[in-house]
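Visitor: Its first residue numbered 9, the sequence shown is counted upward by one per residue in the working numbering.
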Amino acid sequence: MRGLRWIKILLIILYLVIAFVFIWSLLSVKFFKVGSENCGIFWLCIILAIITPIVMIFWFLCKTTNKGDILGLIVSLPVLLCAAGSVILFVLGGGICSVTTDIADYGELDERVKRQVESGNYPFPDKVPEQALDIEYSYFYRQTLDDEVKMTLAYTLEEEEFEKERKRIEDTYLIVSEERIENTDFYFTAVSERVIFVAFDEDRHRILYGYLANMGQETLEDYL
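#1: Out of VAL125, GLU169, TYR130, ILE204, which one is the CA nearest neighbour of PRO137?
#2: So which of ALA221, GLN139, THR160, ILE215 has the shortest CA-CA distance to GLU201?
#3: Compare the C-alpha of GLU187 against each of ILE204, THR180, ARG176, LYS172 and name the closest.
#4: For PHE132, name the three-state secondary structure that DSSP assigns.
#5: Pull up the distance between the alpha-carbon of ALA162 and that of THR108, whole angstroms please.
#6: Once you ignore the five residues that flank GLY128 on each side, which residues in its own chain have a CB closer than 8 Å to its CB?
#7: Give the straight-line distance between the Cα atoms of PHE148 and ILE21, rounded to the nearest whole angstrom.
#8: Beta-carbon separation of ILE215 and GLU173 under 9 Å?
#9: Using 8 Å for Cβ pairs, my map puts THR164 next to ALA140. What's the rounded Cβ distance?
#10: Using only CA atoms, which one of GLY218, ASN191, TYR217, TYR219 lies nearest to ASP209?
#11: Taking Cβ to Cβ, would you say PHE194 is nearer than 9 Å to SER106?
#12: Using only the alpha-carbon positions, how far apart do ALA207 and ILE183 sit?
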C-alpha cells in the first residue's frame with residue numbers, strides 16, 4: 009500500500025535525524041564518558057537508540073504482504089518511539105559527560121565550556137608553572153540543558169612563587185568576595201550559578217583554582 013510505504017519512509021527519516029543528533033552529541037565532547045549516575049540505564053538507552061531501530065529499519069525495507077506491512081508498522085512504531093524517547097532521556101538526563109584527570113589535557117575544553125570561560129572572570133593560569141609540585145587536575149562536564157561543569161587545578165609552590173601568584177590574582181582579576189577558612193584564603197571572581205575562585209593555603213603553599221557551574225551541592229569545605 010502506497011500510504012504505508014510513505015509512512016515507513018517518513019518514520020525512517022525521522023529516526024535518522026534523531027540518530028544523527030544523538031551521535032553528534034556523543035562526538036561533540038572531548039573526553040566522552042557515560043554519566044556515573046544511572047549508568048546502567050544510560051547504556052540501555054544507547055542500545056535501544058542504536059541497535060533496535062536498525063533492526064526495525066531492515067524490517068521496514070523487507071517486502072511483505074499488505075497485512076505484513078500493517079503488522080510491521082503497528083510493531084515498529086512504538087519501538088521507534090521508545091528508541092527516540094531513550095535518546096531524549098540520555099541527552100536531557102545528563103548521560104553525556106566529558107571527564108579527564110590527565111594534566112596533559114589541561115586547557116582542552118569542550119566548546120560550550122570554552123564559551124562560558126571566555127565570558128567570565130576566569131583566573132586559571134594559561135599553563136602550569138614549571139616549578140609546580142604535586143599537581144592535581146580534574147575536569148568534569150555534564151551536557152544537559154543546564155550544563156554542569158566542575159574544573160579544578162591544584163599545585164604547590166615555593167613561598168616566594170606562592171606569594172607572587174597571590175599578588176597576580178589580586179592585581180589582575182576583579183575579586184567580588186573573599187573568605188578565609190582555617191588557614192586558606194578564597195578569592196572569588198564569580199559567585200552566582202557559576203562559582204569561580206582561587207584558594208591559597210598558607211600552611212602548605214598550595215594553590216587551588218576552582219570553576220563550578222550548576223554544581224549546587226558543592227561547598228568550599230570539600231576543597232580543604
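Heads up, the beta-carbon is just placed ideally off N, CA and C, and yes, glycines get one too.
Guide: According to the structure shown:
#1: Residue 137 sits at position 129 when you count from the first residue of the sequence shown. Checked all of VAL125, GLU169, TYR130, ILE204; the closest Cα to PRO137 is GLU169.
#2: Position 193 of the sequence shown holds residue 201. Nearest option by C-alpha distance: ALA221.
#3: The count along the sequence shown starts at 1 and reaches residue 187 at position 179. It is ILE204.
#4: Your numbering for residue 132 matches position 124 in the sequence shown. Assigned with DSSP and collapsed to three states, PHE132 falls in coil, not helix or strand.
#5: The residue you call residue 162 lines up with position 154 of the sequence shown. The residue you call residue 108 lines up with position 100 of the sequence shown. Going from the Cα of ALA162 to the Cα of THR108 covers about 15 Å.
#6: Start at 1 with the first residue of the sequence shown, and residue 128 comes out as number 120. Closer than 8 Å at Cβ, skipping near neighbours: THR197, ALA198, ARG202, ILE204.
#7: Indexing the sequence shown from 1 puts residue 148 at position 140. Indexing the sequence shown from 1 puts residue 21 at position 13. The alpha-carbon atoms of PHE148 and ILE21 are separated by roughly 34 Å.
#8: Within the sequence shown, residue 215 is the residue found at index 207, counting from 1. Within the sequence shown, residue 173 is the residue found at index 165, counting from 1. Contact: yes.
#9: Taking the first residue of the sequence shown as 1, we reach residue 164 at position 156. Taking the first residue of the sequence shown as 1, we reach residue 140 at position 132. Yes, THR164 and ALA140 are in contact; Cβ-Cβ is about 7 Å, under 8 Å.
#10: Counting from one through the sequence shown, the residue named residue 209 turns up at place 201. Its Cα nearest to that of ASP209, the residue ASN191 stands out among GLY218, ASN191, TYR217, TYR219.
#11: Residue numbering aside, residue 194 sits at position 186 when the sequence shown is read from its first letter. Residue numbering aside, residue 106 sits at position 98 when the sequence shown is read from its first letter. Taking 9 Å as the Cβ cut-off, PHE194 and SER106 do not qualify as a contacting pair.
#12: Position 199 of the sequence shown, counted from the start, is the residue given in the question as residue 207. Position 175 of the sequence shown, counted from the start, is the residue given in the question as residue 183. Looking at the backbone, the Cα of ALA207 and that of ILE183 are separated by about 12 Å.
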